[in-house]
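What follows is a short report on a single structure.
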Amino acid sequence: MTATGHALVGTLIAAKISNPALAVPLALLSHFAADVLPHWDIGTDRRKKTQERLVSEGIGDVLLGFALSFFLLTFLPATNIAYAFLIIIVAQLPDWLMAPYYFFRIRFPLFVWSYRFQKNFNHDLAFPWGVISQIVAVIVLYILLFKVF
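Here the sequence shown stands for residues 131 to 279, where the numbers follow this note's numbering.
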């Protein structure tokens, strides 16, 4: 899933669950649950992209995720922004841990382990269907969190 998708999931978790003892592990688990769904992200078709393009798309994805999350928070005013930011980072954390290896081949063991571990969960789906699947997943999560529970 894109960093944007993980950020939106983290935002919804933060808005619904005010207890960090529950929200933090849920946000971390949400990362892997979201990655199991077939999706598109900046690493899809990586071999067709230059290193510069991967890095710039990655930065753009993270910034878009933060921007959309904070926009979403304007509709969820009871949610503390700092708390939401913490939960967003936790929801994205596995990608933050693998990014130094993925983008720059920094072979620090934690980065390499995180990359290899996450490969077990990622299931690519071509654009645009891989983006549509993420939008549907976020909408379903919203319905479950705010309309069902």
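The beta-carbon is built from N, C-alpha and C at its ideal position, and this holds for glycine as well. Owing to the predicted nature of the structure, the values given are computational and were not obtained by experimental measurement.
Given residue i as reference, the closest of the options once Cα atoms are compared
i	options	result
L138	S148, A151, N149 and A164	A164
Q248	L216, L167, L152 and I147	L167
Below-8 Å beta-carbon distance, residue i vs any chain B residue
i	result
V154	The structure shown contains no chain B; it is built from a single protein chain.
Whole-angstrom distance between residue j and residue i, CA atom to CA atom
i	j	result
H169	S263	6 Å
I218	M131	14 Å
A208	S148	10 Å
V268	G135	7 Å
A151	R177	40 Å
H253	F200	28 Å
N250	L198	28 Å
Cβ-based neighbour list, residue i, same chain, cut-off 6 Å, excluding 5 preceding and 5 following
i	result
Y232	Y245
H257	It should be pointed out that residue 257 corresponds to Phe in this sequence rather than to His. Same-chain partners within the cutoff: W170.
G140	A157, I217, I218 and A221
S160	V139 and A221
Cut-off 7 Å between Cβ atoms - residues of its own chain near residue i, not counting five sequence neighbours on either side
i	result
L142	L271, Y272 and L275
F196	A137
Bridge partners - residue i, DSSP secondary structure assignment
i	result
D254	H169
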